[in-house]
Amino acid sequence: MLSERERERYKRQIPLFGDEGQERLKSAHIFIAGAGGLGSPAAIYLAVAGVGTITIVDMDTVEQSNLNRQVLHADRDIGKKKTVSAIAKLQDYNPDITVNAIDTTISEENIHDLVGRVDGIVDAMDNYPVRYLLNRVALEKKVPFFHGAIRGFYGQATTIIPGQTPCLACIFKKAPPKETSPVIGATAGVIGTVQATEVVKYLVGQGDLLAGRLFIWDGLCAKAEEITIVQDPSCPACGSPTPTTLYKEKS
Amino acid sequence: MSVKVRFFARFRELLGTEIIAEPANGSSIALLVDGIAQKNREGYNAIFDEHGTFREFVIVMQNGKRIETADAGTVIVADGDEIAIFPPVAGG
């Protein structure tokens, strides 16, 4: 049930999806991998929308060079762990939700325990090896994976629904090279809020998700475009397993 | 024969948004894009490796259908085709 206080807080969005939609947001648990450029806007907008439980993971410390884009962190946070800064900001924005902030590096060893039971995973990472790990966990747990990535004035996003859409490894068979890429905060804002919008749509069950579509933002041309993407039957992460042994029933 | 090549994101900055090319009959996607990319060394190097083959992470589409970068040298373009070349980004 929504409290009076919650009803007032979400007064301007409840007309969009009703009490039922707001209750769905409240009972949801979303995992956000990264409290950086993408993780900041995604977490802030999911927190203020009333997503009941947010788990956000990051192992970094706030540096001055983060502040052009990582809006969860402020000048006074320089030197603090990003988790400390993130939890404080998110609870400031919305004290009615639960925020777990975990200070660790996501790895093959800890990812299963870290992710636990969630309703969706937001990709706010800056590298493909961890993105592929998150993709696999999302496939195993059959929960949606909200991908986003940015560089400069450009960004991309898609929503992966296990069993229904191509997975991250179908779309990006080989990772682009890792680099410290230049970026403006507004690009992270565009893509992070597209990801947050997708999460809200998924949770309340409204609209058309970016399923099977790669959204491409070109901030320099101020153009939003999309590429249709299809499942790869031979995908190592989500392709149908080929039976290696055939059993014949004894008659 | 007329073929449209669309570049996205950083490739667009280096090579232009939409190029209408008139390749010879029997040209492959790789040959067509190679010819266009030659005009800008940085653009060329962003798309092709030192052997002149598509970098593996580049997304190549022919009329909305994904073409494996390894096959781009043998897939032939036809009149009216639209080829899209997209560089995935990695930052977060």
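Protein chains in written order, with this note's numbering: chain A, 176 to 426; chain B, 35 to 126. All C-beta atoms in this analysis are idealised placements derived from N, C-alpha and C, irrespective of residue type, glycine included. Everything numeric in this text was worked out from a predicted model, so none of it was measured.
Check, Outcome
"C-beta neighbour in chain B for residue 374(A), strict 8 angstroms", "no"
"Within chain A, partners of residue 130(B) - CB distance below 8 angstroms", "With chain B covering only 35 through 126, there is no way to say anything about residue 130(B)."
"Stretch pair the region 52–65 of chain B + the region 36–43 of chain B: three plus CB contacts closer than 8 angstroms", "yes"
"8 angstroms contact criterion, which residue 332(A) and residue 370(A) should meet: CB distance rounded", "6 angstroms"
"For residue 124(B) and residue 301(A), believed in contact at Cβ under 8 angstroms, the rounded distance", "7 angstroms"
"Pair within 8 angstroms by beta-carbon distance, residue 279(A) and residue 312(A)", "no"
"Residue 222(A) versus 250(A), 181(A), 251(A), residue with shortest Cα-Cα distance", "181(A)"
"Residue 80(B) in three-state terms, based on DSSP", "helix"
"Strand pairing of residue 99(B), partner residues [DSSP]", "96(B)"
"Helix, strand or coil at residue 266(A) according to DSSP, with G and I counted as helix", "helix"
"Whole-number beta carbon distance between residue 45(B) and residue 80(B), since they are thought to touch under 8 angstroms", "6 angstroms"
"Residue 355(A), buried or exposed, once every other Cβ within 10 Å from all chains shown has been counted against 16", "exposed"
"Within 8 angstroms, strictly: CB atoms of residue 406(A) and residue 341(A)", "yes"
"Test: residue 55(B) CB closer than 8 angstroms to a CB of chain A", "no"
"Bridge partner(s) assigned by DSSP for residue 401(A)", "390(A)"
"Beta-ladder partner(s) of residue 361(A), from DSSP", "BP columns for residue 361(A) are empty, so no partner."
"Coil, strand or helix - residue 317(A) by DSSP", "coil"
"Chain A residues whose Cβ lies nearer than 8 angstroms to that of residue 90(B)", "348, 349"
"Terminal residues of the alpha helix (DSSP H) in which residue 45(B) lies", "43–49"
"Any C-beta of chain B under 8 angstroms from that of residue 300(A)", "yes"
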